[in-house]
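Residue numbers (our numbering): 297 to 666. Glycine included, every Cβ here is placed at the ideal spot set by N, Cα and C. These numbers were taken from a predicted model, which means no experiment stands behind them. Taking it in order: structure first as structure tokens, then the write-up.
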Ligand SMILES: *Cc1c(COP(=O)(O)O)cnc(C)c1O
């Protein structure tokens with residue numbers, strides 16, 4: 297029917313990180329050769345250079361590169377003094393690791409409902425979730441759409457709470473001229489391969505403007521050890537490796553162009569689906585469209601029909617967090633629960649969606665009618 301993203305099978309995948317890395321293959325090969333030749337495999341010159349380059353990209357402050365986005369969250373929470381017995385408020389609609397990291401820091405995640413339009417933490421619900429044991433808030437910029445940081449920071453200030461932005465989906469997105477990740481006390485980024493800035497394996501980073509916090513995070517990523525091999529507290533195996541850092545240095549200069557492509561594709565989807573009655577994500581000029589998720593009734597039927605037509609979609613996420621047995625929550629959060637049954641992520645990675653937005657939208661509309 298139309299040119300296939302995958303010449304072998306004719307199937308358009310929801311995402312294809314290897315294809316993105318392949319575009320930069322010769323530069324990546326050179327970077328990996330540099331690492332092998334250096335003999336340094338962990339926490340060497342590539343890590344130090346990537347930390348400086350990513351901090352400069354964010355406009356200053358310090359970056360501590362780590363093993364994953366989840367590690368970044370756990371280490372940031374611990375470095376901010378979050379302890380067992382503390383409660384941390386998170387939006388109910390996000391990836392499991394947002395709350396898993398709170399568990400691993402020994403604290404209790406408390407779930408708050410989200411806004412039906414932005415799908416991000418609802419500041420009123422946040423206010424209602426705060427109790428005597430609350431110590432921190434982890435807002436998530438879901439799908440690369442900025443959370444309402446001014447309102448969230450106002451709540452945090454009123455109650456004296458730490459704010460750790462979950463920027464796993466927010467690389468390069470901004471709000472009011474400020475990069476996401478620079479609003480809170482700290483931010484956690486993931487470089488999981490499908491993220492807007494994605495490595496060839498697991499990696500992550502903490503951003504903070506607080507030097508003492510960064511220093512503690514540097515110890516916590518390496519078992520709590522200081523430069524003299526002395527541990528004042530225990531940490532984790534949270535190091536980034538030199539190969540991922542070297543690959544991220546190749547990719548970082550291309551992040552803004554890739555985000556611009558995602559915005560263009562999002563605009564094409566919005567135009568093609570306008571007036572269809574489908575709930576679309578807000579058109580937000582400085583979002584990075586990590587995902588473009590429509591909300592529909594009979595989502596699973598539509599998804600199956602699209603797959604039959606060769607277009608694979610994603611579900612981010614199939615359950616609200618409080619609905620996972622792991623969190624043993626009795627909460628009822630209707631907006632997040634309903635979105636979890638209705639959201640469908642269309643292909644938006646530029647190498648996959650390319651010039652196919654109108655055609656993918658047409659298949660979606662057809663699948664909705666049949
Ligand atoms: C990907 C992701 C994480 C976890 O990142 P990892 O690198 O897989 O540990 C955390 N939060 C959100 C919102 C994510 O999308």
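Per-residue burial, residue 446 [other beta carbons within 10 Å of its own, 16 or more giving buried]: exposed
Kindly list the residues whose CB is nearer than 7 Å to the CB of residue 616, restricted to its own chain and excluding five residues on each side of it in sequence; keep chain order. 388, 389, 629, 632, 633 and 636
Three Cβ pairs or more, each shorter than 8 Å: is that satisfied between the stretch 460–468 and the stretch 577–588? yes
Can you give the Cα-Cα distance for residue 297 and residue 429, rounded to whole angstroms? Only weak support exists for where residue 297 lies, its pLDDT of 37 falling under 50; the coordinates are left without a value.
Buried or exposed: which applies to residue 422, given that a residue is buried once 16 or more other Cβ atoms fall within 10 Å of its Cβ? buried
Return yes when the Cβ of residue 602 is within less than 8 Å of the Cβ of residue 666, no when it is not. no
By DSSP, does residue 389 sit in helix, in strand, or in coil? coil
Mark residue 300 as exposed unless 16 or more other C-beta atoms lie within 10 angstroms of its C-beta, in which case mark it buried. Any reading at residue 300 needs caution, since the residue's pLDDT is 47, under 50, leaving its predicted position unreliable; the model's value is listed next. Classification for residue 300: exposed.
Just to confirm, does residue 393 get its C-beta within under 7 Å of one of the non-hydrogen atoms of ligand 1? yes
Which runs of the beta strand (DSSP E) at least 3 residues long sit entirely within the stretch 548–592? Give them in chain order. 588–591
Quick one: is the Cβ of residue 436 within less than 7 Å of any heavy atom of ligand 1? yes
Check the DSSP bridge columns for residue 474 and list the partner residues they point to. 471
Does the beta-carbon of residue 514 have 16 or more other beta-carbons within 10 angstroms, so that it is buried, or is it exposed? buried
May I ask whether a heavy atom of ligand 1 can be found less than 7 Å away from the beta carbon of residue 488? yes
Is residue 325 helix, strand or coil when you go by DSSP? helix
Go through the stretch 588–650 residue by residue and report every complete run of the alpha helix (DSSP H) that reaches 4 residues or more, in order. 595–604, 630–638 and 646–649
If you run the structure through DSSP and keep just helix, strand and coil, what is residue 485? strand
Return the CA-CA distance between residue 505 and residue 605, expressed in angstroms with no decimal places. 48 Å
Can you give me the start and stop residues for the alpha helix (DSSP H) that residue 342 sits inside? 341–354
Using the three-state DSSP reduction, which class does residue 320 fall into: helix, strand or coil? coil
For ligand 1, I want to know if residue 365 counts as a neighbour, meaning its beta carbon is within less than 7 Å of at least one of the ligand's heavy atoms. yes
Do you know how far the Cα of residue 416 is from the Cα of residue 639? 13 Å
Taking DSSP as the reference, what is the three-state secondary structure of residue 379? coil
Can you give me the Cβ contacts of residue 651 inside the same chain, cut-off strictly under 8 Å, excluding the 5 residues immediately before and after it? none
Helix, strand or coil for residue 517 per DSSP? coil
Tell me which residue opens and which closes the beta strand (DSSP E) that residue 405 is part of. 404–408
Got a sec? Which residues, its chain only, sit under 6 Å from residue 347 by beta carbon, not counting five neighbours each side? 359 and 361
Express the C-alpha separation of residue 501 and residue 542 in angstroms, rounding to a whole number. 14 Å
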